[in-house]
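In this note's numbering, the protein residues as written are 29 to 439.
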């Protein structure tokens, strides 16, 4: 028999336990059958039939040599790395302090240095408490929207599309190459936050930096409307948009929950045999709600937006999933078949809790033969590329996405 802990073979020979220590595999293979038994140890079992009676068993050289031959045969017949490879264990990290990087702009340094989101671990207990928390965030977001639209020369107009609320977000000037193009935006907020006009922030950035016309979907959200309400509304708008523009002139984008919805919209469109957009841009998508990605651990408490897996954002997502299987590709799109997806550009940051979610989507797309680009920004936590209109990283992120769309729309 083989003892893993002591890394030795124990052969029972003539009633005695003969112990053979194991060295490196290459050395084992080189040992001759006549290897000196001075390296062996012999354990003498207790023999019943008398008090404290022990019998010394003498092992002949012939039997020992036979035991060696058997043991060597067992070793050489064992594939490398099976019996002798220990199970990988977790890595323990010492407590440490992570400074704000000096490799980013001053505007981004300020964002990175900000304290943790105040309500990251404040979990409401009732629908009314959830609505109150969401409303407080909505009020804060709305306060900055007029100045953002003014800075980027963007206007918005509320509209209803086949019963779904939405906003048309347009730049003051649309360049000729973008005149026939239309983008569909699905906002983030962990499926619960940023209702109404407050959900148009990312669309305003894209309209301003990319100069596209954009329909931003104001989809229904929990606690009143769990899954599949958000996805249903987004797909309803997509179907209507197909009557407004050629799909080869359209793209879908969004971040966080909006990034996951962007991916799930493609799964649904494939399932329903709907035309697909020319390109998509899921930013830091909530693509795997099971929390199995590496950066759920490595970036925990480093990401100052989401902070940690299982905290407020995931509790909001649980309101949306509402007991459904979270491995369903319509909820965790990473688990779906991504063959045939449109060209995709993904965005994340080195401190993003969902960096692994983003990376794993990128790899799965590439494994499926899909053109996919991954841009990762230095020091940024979750979706911080849409926090400050004056940060050069913000302009860079959206202009990269706009350029990617420009290479694929209308082709």
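Every residue, glycine too, gets a C-beta built ideally from N, C-alpha and C.
These numbers were taken from a predicted model, which means no experiment stands behind them.
Rounded straight-line distance, which links the Cα of residue j to that of residue i
i	j	result
residue 143	residue 135	15 Å
residue 341	residue 219	9 Å
residue 258	residue 122	42 Å
residue 321	residue 328	11 Å
residue 381	residue 188	35 Å
residue 182	residue 338	36 Å
residue 387	residue 402	7 Å
residue 273	residue 149	43 Å
residue 268	residue 367	25 Å
residue 277	residue 370	12 Å
residue 205	residue 435	11 Å
residue 166	residue 115	48 Å
residue 305	residue 231	17 Å
residue 323	residue 389	14 Å
residue 333	residue 126	16 Å
residue 211	residue 281	8 Å
residue 153	residue 346	13 Å
residue 419	residue 133	7 Å
residue 164	residue 172	14 Å
residue 297	residue 124	46 Å
residue 343	residue 151	7 Å
residue 275	residue 237	22 Å
residue 209	residue 431	13 Å
residue 117	residue 319	19 Å
residue 140	residue 225	26 Å
residue 317	residue 288	10 Å
residue 307	residue 295	14 Å
residue 190	residue 421	37 Å
residue 374	residue 357	18 Å
residue 354	residue 290	17 Å
residue 186	residue 158	25 Å
residue 301	residue 207	27 Å
residue 246	residue 325	32 Å
residue 439	residue 253	38 Å
Contacting residues, own chain, Cβ-Cβ under 6 Å from residue i (five flanking each side not counted)
i	result
residue 233	414, 426
residue 77	Confidence at residue 77 is low in this model, with a pLDDT of 42, below 50, so its placement is unreliable and the value that follows should be read with caution. Within the same chain, residue 77 has no close Cβ partners at all.
residue 286	214, 215, 216
residue 192	261, 264, 265
residue 428	403
residue 400	372, 390, 393, 394
residue 222	215
residue 299	none
residue 433	279, 307
residue 120	none
Beta-carbon contacts of residue i that lie in its chain and below 7 Å, excluding the five residues immediately before and after
i	result
residue 255	348, 349, 350, 352, 359
residue 270	303
residue 417	176, 179, 180
residue 392	362, 366
residue 376	312, 382, 383, 386, 404
residue 379	327, 330, 331, 407, 408, 409
residue 147	161, 340
residue 423	237
residue 249	219, 220, 223, 258
residue 199	181, 182, 235, 236, 239
Other residues of its chain near residue i: CB distance less than 8 Å, five sequence neighbours each side excluded
i	result
residue 202	239, 240, 241
residue 397	367
residue 131	406, 407
residue 228	173, 184, 195, 197, 213, 215, 244
residue 129	137, 140, 406, 407
residue 437	209, 276, 277, 278, 279, 306, 307
Beta-bridge partners of residue i, as assigned by DSSP
i	result
residue 282	310
residue 376	404
residue 433	Paired residue(s): none; residue 433 is not in a bridge.
residue 193	188
residue 199	182
residue 173	BP columns for residue 173 are empty, so no partner.
residue 289	Per DSSP, none; premise fails for residue 289.
residue 210	241, 278
Supposed close pair residue i, residue j - CB separation, criterion 8 Å
i	j	result
residue 362	residue 315	4 Å
residue 155	residue 251	4 Å
residue 441	residue 235	In this structure the chain extends from 29 to 439, so residue 441 is not present and cannot be described.
residue 26	residue 411	No statement about residue 26 is possible, as the shown extent of the chain runs from 29 to 439 and does not include it.
residue 113	residue 335	Contact flag wrong, Cβ pair sits at about 36 Å.
Which ranges does the beta strand (DSSP E) cover as unbroken runs of at least 3 residues, wholly within the segment 293–373, from first to last along the chain?
For the segment 293–373, whole beta strand (DSSP E) runs of length 3 or above, ordered along the chain, are 307–311.
Beta strand (DSSP E) segments (min. 3 residues) lying fully within the segment 383–424:
Counting only runs that start and end inside the segment 383–424, the beta strand (DSSP E) elements of at least 3 residues fall at 400–405.
Could you give the uninterrupted runs of the beta strand (DSSP E) lying entirely in the segment 212–269, keeping only those of 3 residues or more?
Entirely contained in the segment 212–269, the beta strand (DSSP E) runs reaching 3 residues are, in chain order, 241–245.
Run through the segment 122–163 for me and flag every whole alpha helix (DSSP H) of 4 or more residues, listed as ranges in chain order.
If we require 4 residues or more, the alpha helix (DSSP H) runs fully inside the segment 122–163 come out as 134–141.
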